[in-house]
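Visitor: Take this structure first; my questions come after.
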Amino acid sequence: RAREALALLERMDARGITPNVYTYSAAIGAVAKSRHVRRDWRLAIDLLETMRSRGLEPNVVVYSAAISACAEAGQANAAWDLLEELLEAVNE
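Just so we're on the same page, the working numbering is the position in the sequence shown counted from 1, plus 33.
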């Protein structure tokens with residue numbers, strides 16, 4: 034479903050519909066739950082970066098989904114980095 038979620042984001046962009054935090058959260062969550070998460074985990078990070086570049090502030094749910102994608106893929110360092118980012122954002 035991860036690829037379907039990404040395709041939906043692309044269709045939204047093509048139609049001039051701006052994805053919001055909830056849309057990105059769902060897409061990142063789809064990556065985390067994908068049976069191909071070991072291959073596609075980086076998509077979760079890319080989506081998080083795209084969110085930020087569009088001026089959207091990731092919330093705890095978004096970070097949680099991205100951390101889950103990294104953890105499921107065995108990417109402990111990436112998961113830890115995201116957790117540190119989340120903690121910094123919460124403490125600001």
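Note that the Cβ used here is the ideal one computed from N, Cα and C, for glycine as well.
#1: Below 8 Å on the Cβ atoms is my contact criterion, and I expect isoleucine 61 with alanine 111 to pass it. Report the Cβ-Cβ distance as a whole number of Å.
#2: So what does DSSP say about glutamate 117, is it helix, strand or coil?
#3: Output the distance between the C-alpha atoms of leucine 42 and asparagine 124, rounded to the nearest integer angstrom.
#4: In angstroms, rounded to a whole number, what distance separates the CA positions of leucine 115 and arginine 48?
#5: Under three-state DSSP, which class holds glycine 88?
#6: By the three-class DSSP mapping on this structure, what secondary structure does glycine 13 have?
#7: Are alanine 65 and arginine 34 close, meaning C-beta to C-beta below 8 Å?
#8: Pick from Met84, Trp113, Gly107: whose alpha carbon is nearest that of tyrosine 55?
#9: Valine 94 and serine 67 - do their beta-carbons sit closer together than 8 Å?
Guide: A quick look at the data gives this:
#1: No, isoleucine 61 and alanine 111 are not in contact; Cβ-Cβ is about 13 Å, not under 8 Å.
#2: helix
#3: 31 Å
#4: 31 Å
#5: coil
#6: No information on residue 13 is available, as it lies outside the stretch 34 to 125 that the chain covers here.
#7: no
#8: Met84
#9: no
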